[in-house]
Each structure stands twice: as structure tokens, then as C-alpha cells.
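Chains as they are written, first to last, in this note's numbering: chain A, 3 to 167; chain B, -14 to 83. Backbone N, C-alpha and C define an ideal beta-carbon position, used for all residues, glycine too. A quick write-up on the structure given underneath.
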């Protein structure tokens, strides 16, 4: 059952990212198909016992980041003719070939990359264990994060301002 | 399960890299970068599950924070660019290109 669910969500994730990649006409539809990818990745996180990360994935990525993308696409009111027909056929074919090569190489190397699996505790990945790790071992990283978010907030406000005075 | 998740992460990363390299729409390039970050997150979660180490989950939290900050700044740049050039095509902003 778990395997079946994994395949379903993996197929949705790949289809959503292909929909984003190949949709050259409509950016809104591309962003919406990326929402499908993010939600199914959240489900895969839950299947991998990362419950807190799964919830945060759906809240932050599907709920906040992609909404900001949609917001900007609609704010700029990009019409279809705002996008020039994409050129560079040779470069694109080369890119697809190299991408397929890298993908095959990664898939061939992966099975040998993993050692024996470790035993995991019962509530692995729940908010209790992740929270305890975050606020003890990684508390410095957590605090530095606040500085990063402040810098990003100020930067976004300054960049999107109409005039700086 | 873990191996399959890492394989999916490789596929998603290559798709995101292709999008970032071949598309010319700045918003789509930013979305492709988000896709690559998500693929890395998936690999981190899978390895954390395999080795029973919660550090992977903490890394994923940090990547999510950085992605949110990156989107805020990146889309601010897109808006500023659109205001100046009436375009979000990266071919139109090639001043720093060799």
C-alpha cells in the first residue's frame, strides 16, 4: 500500500514539474501544476516518516511561496504575447540530452550509495523530536534564520518600492 | 522506499535544472530553482529516514526558510525589472552577460 501511494504521488510530482517546464504559453497554469508537485512531495514526506516536514511543506510551499508566485504573475498582468517565442533549438536539444545523461548516471549510481538502514525510533520526525533537535543542537542556525528573514524582508520592500527616497 | 525517493529526487532535480537553463521567462526560472530545492529536500528527508538522523530534517527546515527568503527577494527583482523594461524575459537584461 505504501509503495502504491508512493508511485501515485511520484507520478503526480513528475507530471506537475513537467507541466511547469513544458508550458510555454501560460505561466499561471505552470505555477498551478507546480502546486500539485509540492503537495504530492508533502505526501511523500509523510510516507518517509517526516510528518512535521510534510505539514510545513504544504503550508509554506503550496500555501505561501507559490501563492506569492501567482500573485506576482497576476500583478504583472503578463499577456501571452509578452513572452517572445523561445529560440535556441540546438541549445535546448543539447540541454535535454545532457539532462537525460545526468539523470541516468544518478539513477545507476544510487543503489550503491546507501549502506544498511538504521533502526528509527517510534516518533521519528514528529514535532516533538524535530523540535527538541532544533532548539538544542541547532539553536544557533535557528537564531541566524531570523536575521536572514529580516534581511529578505527589507530587501524585498526596497526592491519593490517605486522610488527610493 | 528510500532508494525510490532518492531516484525521484534525482529526476525532479534534473527537470528543475533543465527548466532553469532552457526557459527564458524569469518567473519560470525562479520556479525551476524552487523545484531543484525541493528535490534536494526530498533527498535529505530520504537519507534522514535511512540513517535515522534528524539532522536531515533540520537541514530541510533551513532550506525551506532560504527558499522563502529567495522567493521574496527574487520576485522583488522581477517586479523592479518589469517596471523598468516591461518584460520578464532574461534575454532583455543581458548587460552583465559576456
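message: Taking the straight line between their C-alpha atoms, what separation do you get for residue 25 of chain B and residue -8 of chain B?
response: 11 Å
query: Is it the case that the Cβ atoms of residue 34 of chain B and residue 102 of chain A are separated by a distance below 9 Å?
result: no
query: Applying a beta-carbon distance threshold of less than 8 Å, which residues of chain A neighbour residue 64 of chain B?
result: 74, 77, 78, 161, 162
message: Residues of the stretch 13 to 33 of chain A in Cβ contact with chain B at a cutoff of 7 Å, in chain order, please.
response: 15, 16, 19, 20, 22, 23, 29, 32, 33
- request: Compare the Cα-Cα distances from residue 58 of chain B to each of A/67, A/60, A/76 and report the closest residue.
  value: Of the listed residues, the one whose Cα sits closest to residue 58 of chain B is A/67.
task: Take residue 96 of chain A as the anchor and find which of B/22, B/71, B/3 has the nearest alpha-carbon.
output: Ranking B/22, B/71, B/3 by Cα distance to residue 96 of chain A puts B/3 first.
message: Buried or exposed, going by whether 16 or more other CB atoms sit within 10 Å of the CB of residue 80 of chain B?
response: Burial call: exposed.
According to DSSP, residues forming a beta bridge with residue 26 of chain B: Answer is none; residue 26 of chain B lacks a bridge partner.
task: Report yes if the C-beta distance between residue 54 of chain A and residue 127 of chain A is below 9 Å; otherwise report no.
output: yes
Separation of residue 9 of chain B from residue 76 of chain B, as counted between CA atoms: 7 Å
query: In the stretch 9 to 52 of chain A, which residue ranges form an unbroken alpha helix (DSSP H) of at least 4 residues, counting only runs that do not cross its ends?
result: 29 to 49
field: Enclosing alpha helix (DSSP H) for residue 79 of chain B [first to last residue]
entry: That residue, residue 79 of chain B, is in no alpha helix (DSSP H); it is neither H nor E in DSSP.
task: Let me know the secondary structure DSSP gives residue 69 of chain B once reduced to three states.
output: helix
- prompt: Which partner residues does residue 79 of chain A have in the DSSP bridge list?
  reply: In DSSP, residue 79 of chain A forms no bridge with anything.
task: Output, in sequence order along the chain, the residues in the stretch 7 to 27 of chain B whose CB is closer than 8 Å to any CB in chain A.
output: 7, 8, 9, 10, 12, 13, 15, 16, 17, 19, 20, 23, 26, 27
task: Specify, as a first and last residue, the run of the alpha helix (DSSP H) that residue 130 of chain A falls within.
output: 129 to 138
message: Quick check: the Cα distance between residue 14 of chain B and residue 5 of chain B, rounded to an integer number of angstroms?
response: 5 Å
- prompt: Buried or exposed: residue 149 of chain A, going by 16 or more other Cβ atoms within 10 Å of its Cβ?
  reply: exposed
task: Report yes or no: is there a C-beta of chain B within less than 9 Å of the C-beta of residue 71 of chain A?
output: yes
- prompt: Quick one: any contact between the stretch 35 to 48 of chain A and the stretch 12 to 27 of chain A, if contact means 3 or more CB pairs under 8 Å?
  reply: yes
Cβ-based burial, residue 69 of chain B [other Cβ within 10 Å; buried from 16]: So residue 69 of chain B ends up on the exposed side.
query: Straight-line CA distance for residue 125 of chain A to residue 5 of chain A?
result: As the crow flies, the alpha-carbon of residue 125 of chain A is around 21 Å from that of residue 5 of chain A.
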